[in-house]
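In what follows, a structure is listed as structure tokens, so that the remarks can point back to it.
Protein chains: 2
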Amino acid sequence: MSIQDEIRKVKLASPRMAASPEETRNQALQMVCDALLAHQEEIFAANLEDMAQAQRDGVAAPVLKRLKFDEGKLRDVVAGIRDLIGMPDPLFQTQLARELDEGLVLKRVTCPIGVIGVIFEARPDALVQISSLCLKSGNCVILKGGSEALRSNRKLFDIIYDAARQAGLPEHCMMQLEARSEISELLDCHDSVDLLIPRGSNSFVQYIMNNTKIPVMGHADGICHIYVDRDADLDKAVPIIFDSKTQYVSACNAVETLLVHEDVVKELMPRLKAALDQKQVEIRGTKEIAGVIPCEEATPEDNTREYLDYILSVKPVADVYEAIDHINCFGSHHTDCIVTENAQTAETFMDLVDSAGVYQNCSTRFADGYRYGFGAEVGISTGKIHARGPVGLEGLVSYKYKLYGHGQIVEDYASGEKQFHFKDLK
Amino acid sequence: MSIQDEIRKVKLASPRMAASPEETRNQALQMVCDALLAHQEEIFAANLEDMAQAQRDGVAAPVLKRLKFDEGKLRDVVAGIRDLIGMPDPLFQTQLARELDEGLVLKRVTCPIGVIGVIFEARPDALVQISSLCLKSGNCVILKGGSEALRSNRKLFDIIYDAARQAGLPEHCMMQLEARSEISELLDCHDSVDLLIPRGSNSFVQYIMNNTKIPVMGHADGICHIYVDRDADLDKAVPIIFDSKTQYVSACNAVETLLVHEDVVKELMPRLKAALDQKQVEIRGTKEIAGVIPCEEATPEDNTREYLDYILSVKPVADVYEAIDHINCFGSHHTDCIVTENAQTAETFMDLVDSAGVYQNCSTRFADGYRYGFGAEVGISTGKIHARGPVGLEGLVSYKYKLYGHGQIVEDYASGEKQFHFKDLK
Chain A
1 MSIQDEIRKV KLASPRMAAS PEETRNQALQ MVCDALLAHQ EEIFAANLED MAQAQRDGVA
61 APVLKRLKFD EGKLRDVVAG IRDLIGMPDP LFQTQLAREL DEGLVLKRVT CPIGVIGVIF
121 EARPDALVQI SSLCLKSGNC VILKGGSEAL RSNRKLFDII YDAARQAGLP EHCMMQLEAR
181 SEISELLDCH DSVDLLIPRG SNSFVQYIMN NTKIPVMGHA DGICHIYVDR DADLDKAVPI
241 IFDSKTQYVS ACNAVETLLV HEDVVKELMP RLKAALDQKQ VEIRGTKEIA GVIPCEEATP
301 EDNTREYLDY ILSVKPVADV YEAIDHINCF GSHHTDCIVT ENAQTAETFM DLVDSAGVYQ
361 NCSTRFADGY RYGFGAEVGI STGKIHARGP VGLEGLVSYK YKLYGHGQIV EDYASGEKQF
421 HFKDLK
Chain B
427 MSIQDEIRKV KLASPRMAAS PEETRNQALQ MVCDALLAHQ EEIFAANLED MAQAQRDGVA
487 APVLKRLKFD EGKLRDVVAG IRDLIGMPDP LFQTQLAREL DEGLVLKRVT CPIGVIGVIF
547 EARPDALVQI SSLCLKSGNC VILKGGSEAL RSNRKLFDII YDAARQAGLP EHCMMQLEAR
607 SEISELLDCH DSVDLLIPRG SNSFVQYIMN NTKIPVMGHA DGICHIYVDR DADLDKAVPI
667 IFDSKTQYVS ACNAVETLLV HEDVVKELMP RLKAALDQKQ VEIRGTKEIA GVIPCEEATP
727 EDNTREYLDY ILSVKPVADV YEAIDHINCF GSHHTDCIVT ENAQTAETFM DLVDSAGVYQ
787 NCSTRFADGY RYGFGAEVGI STGKIHARGP VGLEGLVSYK YKLYGHGQIV EDYASGEKQF
847 HFKDLK
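Each protein sequence line maps, in turn, to chains A and B.
With this note's numbering applied, the first sequence has no gaps in its numbers, which climb one by one up to 426 at the end.
With this note's numbering applied, the second sequence has no gaps in its numbers, which climb one by one up to 852 at the end.
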């Protein structure tokens, strides 16, 4: 049986998954928790094999850290699932109830998106989080994790899928792909897959976006900016920039470009350099910046570079409007911050910057589903169609219109014999 | 200046358009109404020229009917705009307000999608409706109407765009394309255009979907079904089927395939045929249907044909589940109806059929923004990402996250020094 035939079976399971009652889905999540705890030794053993193989393959330390699945990570994912169980059902919510005419009632009711394909990095805990979000939201899911986590993922998938079926969720509600070659088969399944969520490098996400007709949710770039305004409190600006740049340099929400109001360049830059020097951050500045502190020279390419490294480009701007134009032109519409004590300037910035997250006086690193209180996220979206920003449960649902009649036909309204009266029901 | 440069200007205008206050946008709509009425004679004159040209070109009667823009159509569009003015602002609505920690407040606020490209049929009233919806929702719009309406559209566009600027909306907030060749330039502008809404034939919409990286909202096929259940009231079934098929055969929400529970085939079909014969509807039935009434023989291709004509394919099914499977397999996820008096069977059908509209006991022709009470629509979406079904104002907005802090950094939370407390604000 081909991958495409297998994926077709997932599609066919999706209507029953969509109609599954809340209790069944919560029961499945509870059984997933129990099974993860019951089988933890097997999971850890599989993960140790993955870790050993990765070390033999010379995988980098940060990747090894993500790959590791130990007691601490297990505790975190189990706590996350328990949070999810306690969350209100995202399905069967009536968003609109309207009497169009006597005995003709329209309802808009939430439903799952259907079949979601998620391609993610070698992080076993991500497999658990993504699966749990999909189970809670009644979506079928096709999972392709990073190959370094093969053994861990296989074990975790089996445990979760078994628990889901034992709870009464339909067969084929989950599927795992293991070979990288299977990704291209997945990309061809636009008749069966409703949404793809690719996570990973810019070039990988671009590749996915350019090679499928399936809608893609996510982000390629994370070129985040901080603008330090004339009315900034520099005692806040320095730690915010330091945290945004160095707290986790390879994250999509790390700052890459700093824009500084020309009036505060002289005061800010020496203090900032002193702080960033602690982490050996390379500053790439324009001529104006180089006149204030020693730094590398920035080129035009630095406007559009996502360094994912201890590098920060810095440019002076004449006012908030120049900052806004720079961000809208060169940014990736992910997360951008203004540091200012002036509420009006902040609001101008936040209204005019066209990004999923617009911040005042805090680190760009807050852009994250957990930190927003969503429990978990499947990814961060920079698109403006459907979910934007960190995507939790809400971004995994759609809706359908249900219209209940008693034999009504359109001709009676077209001819003027009957009139609509549009009465919203409470 | 190239089309792409012009479109870039629209993109650059979009942040100011997004930040425009409600009063300015409503004022623009009021000025559009006034200007349309003040310039009606010029509009009618331009339309008469279009009509004369179309008649010389031998354009079909239904197309001429859509092309016509007279006092009646003007009255309708002006009434539509006045309704729109009275509607609540879709922008600046706070969907979520949450204190993450003391002095760190997250808000999710609605905002426009940005720049929307709409490619639509030769219907001058559609240009007015689409423009009005975009003005109200703070979206910049790029309009490409059917070429038969060239003169009417040019006149209407100038009137609307002038009124918008006079009211204070930004220059380049609207743009019109006139040549068909410009569509391919539009399709390349994925950096400037946030959403495309193509309306028209299946093949045209498919062409757009296959030739752009811009997200596309709409529908290609409209293969709608009616399933007549064993527990149907046939006195309702016959007029519902008649209306769904014949009230406007070329509409996307007209029924194309009828599924009939095998227990009611014998009773329903002769009565249905007598009704459909009044409009010379050709019935294409399976062998079982041909054993009950004289009809053409259906082939497997009839399962997936959108006739847009006086043709109906008919197939018996063993139960509601066979009907559901047929619809999910062969339908286009547009609008599908069950005729039954059994509320439980209806709910099974409506939960398991994966379509934008699922109906009980009424005509599929109700799938329309006006009939749903949305005032107007930019189109009907069969996608499940973003808006689904008839798309009015609500489908033209996205949201952004605004995070207000006082110097908070992530490291304090990562290290455990501080904890989030996630308190929803009223």
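The beta carbon of each residue, even a glycine, is placed where N, CA and C say it ideally should be.
Note that the structure is predicted; figures quoted are calculated from it, not measured.
In the DSSP assignment, P538(B) falls within the unbroken beta strand (DSSP E) covering L530 to P538. In chain order, F546, L553 and N579 place their CB closer than 6 angstroms to the CB of G571(B), counting only its own chain and leaving out the 5 sequence neighbours on each side. Annotation for D412(A): K418 place their beta carbon closer than 7 angstroms to its own, counting only its chain and skipping 5 residues before and after.
Selection R814(B), K828(B) and L829(B) evaluated against L822(B) yields R814(B) as nearest (Cα-Cα). The Cβ atoms of T808(B) and H645(B) sit closer than 8 angstroms to each other. With a cutoff of 8 angstroms on beta-carbon distance, Y830(B) and A356(A) are scored as not near each other. Proximity of S192(A) to chain B, defined by a Cβ-Cβ separation below 8 angstroms, is not satisfied. Around the CB of L685(B), 16 or more other CB atoms lie within 10 Å, so the residue is classed as buried. Around the C-beta of E708(B), fewer than 16 other C-beta atoms lie within 10 Å, and the residue is accordingly described as exposed. In the three-state reduction of the DSSP assignment, Y785(B) falls in the strand class, which pools E and B. S201(A) and S131(A) have their C-alpha atoms some 22 angstroms from each other. When the Cα atoms are used, R8(A) and C763(B) turn out to be separated by approximately 25 angstroms. Going by beta carbons, P390(A) and D368(A) fall inside the 8 angstroms limit. The CB of Q278(A) never comes closer than 7 angstroms to any CB in chain B; the least such distance is about 13 angstroms. For T335(A), the secondary structure class from DSSP, reduced to helix, strand or coil, is strand. Counting along the chain, no beta strand (DSSP E) covers R442(B); the unbroken alpha helix (DSSP H) around it starts and ends at I429 to A444. In the three-state reduction of the DSSP assignment, L425(A) falls in the coil class. In the three-state reduction of the DSSP assignment, E297(A) falls in the strand class, which pools E and B. Within chain A, the residues whose beta carbon sits less than 9 angstroms from that of G783(B) are K400, Y401, K402 and L403, listed in sequence order. Taking a cut-off of 8 angstroms for Cβ pairs, the region 245-263 of chain A and the region 302-319 of chain A touch, as three or more such pairs fall below it. About 10 angstroms separates the Cβ atoms of A274(A) and F242(A), ruling out a contact at the 8 angstroms cut-off.
Beta-carbon to beta-carbon, Y785(B) and T761(B) are separated by about 7 angstroms, close enough to satisfy the 8 angstroms threshold. The residue among E185(A), N303(A), D263(A) and D319(A) with its C-alpha nearest the C-alpha of L312(A) is N303(A). For T348(A), the enclosing alpha helix (DSSP H) has its first and last residue at A343 to L352. In the DSSP annotation of this structure, G375(A) is not part of any beta strand (DSSP E), being labelled neither H nor E. DSSP places G498(B) in the helix class (H, G or I) of the three-state scheme.
The beta carbon of V836(B) sits closer than 8 angstroms to some beta carbon of chain A.
Among the residues facing chain B, R365(A) is included, as its CB has a counterpart in that chain under 8 angstroms away.
Annotated as proximal: M87(A) and L393(A), with beta-carbon spacing under 8 angstroms. By the Cβ neighbour-count rule, A471(B) is exposed, with fewer than 16 other Cβ atoms within 10 Å of its own. In terms of Cβ geometry, I240(A) and I223(A) do not form a close pair [threshold 8 angstroms]. Here DSSP, grouped into helix, strand and coil, assigns D588(B) to helix.
Exclusion of the five residues before and after V642(B) leaves L622, P624, I634 and M635 as the residues of its chain whose Cβ lies within less than 7 angstroms of its Cβ.
A505(B) counts as exposed, since fewer than 16 other C-beta atoms from the protein chains shown sit within 10 angstroms of its C-beta. Beta-bridge partners of I623(B) (DSSP): V544(B). Taking CB atoms only, C599(B) has no neighbour in chain A less than 8 angstroms away.
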